[in-house]
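Have a look at the structure below before the remarks.
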Amino acid sequence: MRNLENIEEEIKKVKELCQSREEIIALYIFGSYGTSEQTPLSDIDFAVLYGFIPKIEEEIDFEVKISEIFKRDDIDVIVLNRASVDFQIEVLSEGEIIYCRDEILLAEFKEKVFDRYADYEPVLRGFYEDFLKGIENDRNR
Numbered sequence: 004m005r006n007l008e009n010i011e012e013e014i015k016k017v018k019e020l021c022q023s024r025e026e027i028i029a030l031y032i033f034g035s036y037g038t039s040e041q042t043p044l045s046d047i048d049f050a051v052l053y054g055f056i057p058k059i060e061e062e063i064d065f066e067v068k069i070s071e072i073f074k075r076d077d078i079d080v081i082v083l084n085r086a087s088v089d090f091q092i093e094v095l096s097e098g099e100i101i102y103c104r105d106e107i108l109l110a111e112f113k114e115k116v117f118d119r120y121a122d123y124e125p126v127l128r129g130f131y132e133d134f135l136k137g138i139e140n141d142r143n144r
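My numbering puts the first residue of the sequence shown at 4, with every later residue one more than the last.
This is the structure we're talking about:
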């Protein structure tokens with residue numbers, strides 16, 4: 004569980020912002036902020052799940068509004084719908100949900116991600132193993 008006490012008011016405003024945007028199904032906070040790994044240089048990372056992908060201008064506007072709420076410019080907002088499956092798994096597994104409009108749609112998204120990951124994980128693991136072997140071979144030259 005993250006310690007978000009110092010940004011409770013901002014999180015409340017972000018939830019209100021999400022409620023005002025019908026296209027947003029869920030919002031996660033992830034990364035080091037609020038964890039034991041947080042440093043003074045930690046940014047705040049969010050991942051948004053859309054019911055439909057809005058125009059890029061609307062995505063940018065959402066990120067700008069979150070930055071305005073926090074009064075800082077080191078806010079990152081990632082669109083979960085477009086993220087890689089390994090990144091989706093990371094957010095769903097390690098992130099903390101701070102807003103959910105529709106638990107059924109979120110559960111359906113999670114099911115699709117976990118199904119895709121089950122197919123993709125052996126390939127990804129093989130890629131990483133080959134990559135690490137290549138690095139080791141380069142070191143031994």
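Ideal Cβ positions, reconstructed from N, Cα and C, are used throughout, including at glycine.
This structure is a prediction, so every number in the text was calculated from the model and none was measured.
Do you know whose CA, among Phe33, Phe55, Glu106, lies nearest arginine 85's CA?
Answer by Cα proximity: Phe55.
Near glutamate 111, which residues of its chain fall below 6 Å by C-beta distance, leaving aside the five closest residues on each side in sequence?
none
Report the option in Arg24, Gly137, Lys16, Leu127 whose CA atom is closest to the CA atom of lysine 74.
Lys16
Quick check on the DSSP output: what are the complete alpha helix (DSSP H) runs of length 4 or more inside the region 76 to 111, in order along the chain?
88 to 97
At 3 residues or longer, and completely inside the region 5 to 49: list those beta strand (DSSP E) runs for me, N to C.
27 to 33
Nearest-angstrom Cα separation, counted from serine 96 out to glutamate 41
Here residue 41 turns out to be glutamine, not glutamate, going by the sequence shown. Rounded to the nearest angstrom, the two C-alpha atoms are 18 Å apart.
The region 58 to 66 in contact with the region 131 to 138 per 3-pair CB rule at 8 Å:
no
Distance between beta carbons of aspartate 46 and isoleucine 81, contact taken as under 8 Å
No, isoleucine 81 and aspartate 46 are not in contact; Cβ-Cβ is about 12 Å, not under 8 Å.
C-beta atoms of leucine 83 and isoleucine 28 nearer than 7 Å
no
Whole-Å CB distance - valine 88 paired with tyrosine 120, under 8 Å assumed
Indeed they touch by this definition, with Cβ atoms about 5 Å apart.
7 Å Cβ shell around lysine 18 - same chain, five flanking residues per side excluded:
Ile101, Tyr102
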